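Protein chains in written order, with our numbering: chain B, 1 to 671; chain D, 1 to 249. Written below as structure tokens is the structure these notes are about.
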């Protein structure tokens, strides 16, 4: 087991980034023109990086599998973006944002990276406003903030319920300016199929033109992987249908270590599954928990009556309801962090109290909030002794202003009016904290290959706080990578263009073509989706919200079994040299079928509960915290970075020990 | 529910294409329209044929990837939703449903129901941005107060998802609503003032080059727009364009 060098700068944490920037190598503007950089993925991290690098003078090639960079899944983020601006004068600071992020991540993130993230967070807001991002404002014309789960300040900037969309359109506009100038060459409807290494360094990629099927060779002096997370290994998640792990998995197989794959965020407030036809799950923003109360019926008779349609949730009086989060966690109530809220919902549903036909749903009820807001509004309007109907009307108006788009989305999906009857919600896979291991410079274990945004493992530890994903993606893309990549490229100013007719490029292209041919020629009996669904079921049941050694061991075997069947019996209709969505899916699912096994292996090796990773064997046995997750800092305060050794089962773990010099390790308590 | 689908099949750009009839059975009214197409494709694959190609990604109405002209309406019969948010309860058991791609000269069909929307990209590249480089030293965000009504207007315009339903539904295949949304967003904001004139001239020029038609104020785009982008923004863009043309050298 080797030791990983995070290349964290020496000295006090608050000076590290400034000092590092002062000391690393720079590339002069004339030389940047002769250096090519490939960016895979055009979401917040990739889009911001591509635009910034092109502005600096590098020649950038950017790749997206959609028909436009604007469609990357960052666009779907709803709630907001954190920044330590302290505009609300509530005591926020770089240190507090840093502290909250490390604590929220259950002390499994690298301190130095998180501090830098907090440090540049304020610049992100300045940059986005300069680009014309229409953040929400107060009547005085200044920026508005809201609060999010797990913290005590209001530091979240937002643009209605579409913050991700507006931030991505900002990065997209910056990209468009560079595409128009010819500084970025944009490859839409292109999928990265593999990375190419020359003399051990990342020197390009093999990509497939998804319209013509042509296999293309693209060279560069450095490659940035910003391809997002791997939540779709569960089949059902809040990710986009095309979101995939293939770019990350391909570089893993060529030498990039994969860190903490078992750290997955299961988001508590999603629209429940309706049936077998379900293709994806839809998130309802965490901000709803500010005003919604979560409950299930206290009595099993009521559960059955509701499932059979004999009773409605609104028929149940207060004493027949179990507000289980308020009961278990009186201090934080409905605003406990995501991992805690999700497990509590699962616990109730496993006990049989789920309120829909599948038994996997709990209520999120806005009645109390509507009442409260209605009374407040009546007071503001000078209406004395308002009747119930007036309070309801005014209260619903306030809720509509705050959450109108989410309520509308819910009504379209479920066909019930959430103003009148409680919403039904259930946890769903949402975000992956694990990812490609990288050092302080965001470089992976392949020289010249970088990982940014959700694709890397760096900043969220074992659990991500709300509104931190957008912050990290843009921090990596706008403010970290553009500096750190120069340190490496400074050695490449005399290299000249990288030829693509070398044996390395030819071999990589052949390997890709061979794999595609193999998939098409299996001509089996089962669709790609059928295998993906089976994989998802194993992942959800045995590697999901609650894990144990037996289940994880079984999962590893079952996934291997499904993978073997896939390679014998998958049916991929159509040909290679045309637009072929089934072939695209097949290559992605082939990678998920390997990643899933490593995921389970990592979860098995981590014999502690931390953040989104809950091991049933590691719980508090007595005291106030009885039954809650038990972290084990003595044995597991490390990053597990896996090296590929021919198949996922044989992967070798390398540890990066985590040192906490600026924060004291504590057990999280929300009681 | 059981349905008869008449789906546009077209092998590639050169192929003439045509409608093919498929029966689908046992569809849940709670399924989304695209989940219904997933079921159809699973049936087609199991028969050993090639499934229907259609664009889609986020399936929550925000990425703008999904399209489809359903029974003669962009994004189907429901209002203010994209096709991925359209649910089968909007249809009747036994109904025949026609599914076609967006149709416009500037957006040719690539395969089946997938069209080429890169013309939208080139319009944005012509001026859909504010020229500001990434820098840790732009002015503090709060040093630029923006009146809330203006900020809200800019946000309303910025809500456009670039799906091109406006083009598909317009009898002139005009992209005016799409272009106007971006022009209007920046025109409301102080950050957008410096390049205000060139922006509208360049974007409209590119829109014309791509072969999109003109606006004749029918208003169908506003009705079919899944995000409810207002026709007012087209008026705003026309004003911007006139002002910029009169003032240009």
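Where a beta carbon is used, it is the ideal one built from N, C-alpha and C, also for glycine. No experiment lies behind these values; they were computed from the predicted model shown.
Along the chain, where does the alpha helix (DSSP H) that runs through residue i open and close?
{"i": "residue 32 of chain B", "result": "29-32"}
{"i": "residue 379 of chain B", "result": "367-380"}
{"i": "residue 596 of chain B", "result": "581-605"}
{"i": "residue 406 of chain B", "result": "388-414"}
{"i": "residue 99 of chain B", "result": "94-104"}
{"i": "residue 482 of chain B", "result": "481-489"}
Please look up how many angstroms separate the CB atoms of residue i and residue j, rounded, as I've assumed it's under 8 Å.
{"i": "residue 461 of chain B", "j": "residue 102 of chain B", "result": "7 Å"}
{"i": "residue 12 of chain D", "j": "residue 578 of chain B", "result": "7 Å"}
{"i": "residue 40 of chain B", "j": "residue 247 of chain B", "result": "5 Å"}
{"i": "residue 179 of chain D", "j": "residue 204 of chain D", "result": "7 Å"}
Please report the distance separating the alpha-carbon of residue i from that of residue j.
{"i": "residue 646 of chain B", "j": "residue 253 of chain B", "result": "8 Å"}
{"i": "residue 16 of chain D", "j": "residue 10 of chain D", "result": "7 Å"}
{"i": "residue 653 of chain B", "j": "residue 145 of chain D", "result": "52 Å"}
{"i": "residue 305 of chain B", "j": "residue 297 of chain B", "result": "10 Å"}
{"i": "residue 3 of chain D", "j": "residue 576 of chain B", "result": "32 Å"}
{"i": "residue 365 of chain B", "j": "residue 422 of chain B", "result": "4 Å"}
{"i": "residue 195 of chain B", "j": "residue 445 of chain B", "result": "13 Å"}
{"i": "residue 231 of chain D", "j": "residue 221 of chain D", "result": "8 Å"}
{"i": "residue 673 of chain B", "j": "residue 486 of chain B", "result": "Outside the displayed span of chain B (1 to 671) sits residue 673 of chain B, for which this structure offers no information."}
{"i": "residue 10 of chain B", "j": "residue 22 of chain B", "result": "13 Å"}
{"i": "residue 284 of chain B", "j": "residue 269 of chain B", "result": "6 Å"}
{"i": "residue 61 of chain B", "j": "residue 171 of chain B", "result": "15 Å"}
{"i": "residue 552 of chain B", "j": "residue 174 of chain D", "result": "56 Å"}
{"i": "residue 188 of chain B", "j": "residue 102 of chain D", "result": "19 Å"}
{"i": "residue 562 of chain B", "j": "residue 109 of chain D", "result": "37 Å"}
{"i": "residue 13 of chain B", "j": "residue 468 of chain B", "result": "20 Å"}
{"i": "residue 135 of chain D", "j": "residue 179 of chain B", "result": "19 Å"}
{"i": "residue 1 of chain B", "j": "residue 611 of chain B", "result": "Because the pLDDT at residue 1 of chain B is just 46, under 50, the model does not fix this residue reliably, and the value given afterwards should be weighed accordingly. Looking at the two C-alpha atoms, the distance is approximately 25 Å."}
{"i": "residue 414 of chain B", "j": "residue 43 of chain D", "result": "26 Å"}
{"i": "residue 33 of chain D", "j": "residue 527 of chain B", "result": "20 Å"}
{"i": "residue 631 of chain B", "j": "residue 667 of chain B", "result": "7 Å"}
{"i": "residue 670 of chain B", "j": "residue 56 of chain B", "result": "46 Å"}
{"i": "residue 227 of chain D", "j": "residue 398 of chain B", "result": "21 Å"}
{"i": "residue 637 of chain B", "j": "residue 182 of chain D", "result": "48 Å"}
{"i": "residue 134 of chain B", "j": "residue 142 of chain D", "result": "13 Å"}
{"i": "residue 522 of chain B", "j": "residue 565 of chain B", "result": "11 Å"}
{"i": "residue 100 of chain D", "j": "residue 53 of chain D", "result": "11 Å"}
{"i": "residue 244 of chain B", "j": "residue 301 of chain B", "result": "43 Å"}
{"i": "residue 424 of chain B", "j": "residue 119 of chain B", "result": "39 Å"}
{"i": "residue 240 of chain D", "j": "residue 20 of chain D", "result": "46 Å"}
Could you please give the first and the last residue of the uninterrupted beta strand (DSSP E) stretch that includes residue i?
{"i": "residue 208 of chain B", "result": "201-209"}
{"i": "residue 265 of chain B", "result": "264-270"}
{"i": "residue 421 of chain B", "result": "Taken as a continuous stretch (DSSP letters only), residue 421 of chain B belongs to no beta strand (DSSP E), as it is neither H nor E."}
{"i": "residue 5 of chain D", "result": "3-9"}
{"i": "residue 553 of chain B", "result": "It is not in any beta strand (DSSP E) - residue 553 of chain B instead sits in the alpha helix (DSSP H) that spans 549-569."}
{"i": "residue 638 of chain B", "result": "638-643"}
{"i": "residue 111 of chain D", "result": "109-111"}
{"i": "residue 182 of chain D", "result": "It is not in any beta strand (DSSP E) - residue 182 of chain D instead sits in the alpha helix (DSSP H) that spans 176-188."}
{"i": "residue 62 of chain B", "result": "59-63"}
Is it true that the CB of residue j sits closer than 8 Å to the CB of residue i?
{"i": "residue 560 of chain B", "j": "residue 597 of chain B", "result": "yes"}
{"i": "residue 395 of chain B", "j": "residue 420 of chain B", "result": "no"}
{"i": "residue 642 of chain B", "j": "residue 591 of chain B", "result": "no"}
{"i": "residue 61 of chain D", "j": "residue 84 of chain D", "result": "yes"}
{"i": "residue 158 of chain B", "j": "residue 432 of chain B", "result": "no"}
{"i": "residue 209 of chain B", "j": "residue 221 of chain B", "result": "no"}
{"i": "residue 472 of chain B", "j": "residue 4 of chain B", "result": "no"}
{"i": "residue 184 of chain D", "j": "residue 233 of chain D", "result": "yes"}
Taking residue i as the query, report the chain E residues whose CB atoms sit under 8 Å from its CB, ordered along the chain.
{"i": "residue 415 of chain B", "result": "No chain E appears in the structure shown, which is made up of the protein chains B and D."}
Give, in chain order, every residue of the stretch 15-33 of chain D whose Cβ lies closer than 9 Å to some Cβ of chain B. 27, 28, 29, 30, 31, 32
Listed from N- to C-terminal order along the chain, which residues in the stretch 67-90 of chain B have their beta-carbon within a distance smaller than 7 Å of any beta-carbon of chain D? 67, 68, 70, 71, 73, 75, 76, 87
Residues of the stretch 173-188 of chain D in Cβ contact with chain B at a cutoff of 9 Å, in chain order, please. 182, 185, 186, 188
Chain D contacts from the stretch 221-243 of chain B (Cβ-Cβ distance under 7 Å): 240, 241, 242
Closer than 8 Å between beta carbons: that is the criterion. Which residues of the stretch 56-82 of chain D meet it against chain B? 56, 57, 58, 59, 60, 61, 62, 63, 64, 65, 78, 80, 81
Determine which residues of the stretch 136-152 of chain B have a Cβ less than 8 Å from any Cβ of chain D, and write them out in chain order. Answer set for the stretch 136-152 of chain B: 136, 137, 138, 139, 140, 141, 142, 143.
Taking a Cβ distance cut-off of 7 Å, strictly less, list which residues of the stretch 559-576 of chain B are near chain D, in chain order. 571, 573, 574
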